[in-house]
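According to numbering that gives the first Met the number 0, the sequence shown is numbered sequentially starting from 0.
Glycine residues also receive a C-beta, built at the ideal position from the N, C-alpha and C atoms.
All of these numbers come straight from a predicted model, not from anything done at the bench.
Heads up, the thing below is written out as structure tokens.
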Amino acid sequence: MQRQWVDYTKSLFLEGVLDGQFLQRQQLHDESNPYFVVEVVSLFFEDSKKLLNDITRAL
0 MQRQWVDYTK SLFLEGVLDG QFLQRQQLHD ESNPYFVVEV VSLFFEDSKK LLNDITRAL
């Protein structure tokens, strides 16, 4: 599973989806909150979806 995660994030870097900010967030990860990065990324996508819907309605 860990190897799949590494391969997946590597492919996202190569596609330009992830950048240095992702690495910075990953460094904030610690044992007290192992899902921190997942939560941050999930919030980003949720917010992005809402913003795109708002833009679509405005157009």
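Cβ pair Phe21, Val37 closer than 9 Å:
no
Distance CB(Phe12)-CB(Arg24) smaller than 9 Å
no
Residue(s) in a DSSP beta bridge with Asp29:
Asn32
Indicate the three-state DSSP secondary structure (helix, strand or coil) for Val16 in the structure shown.
coil
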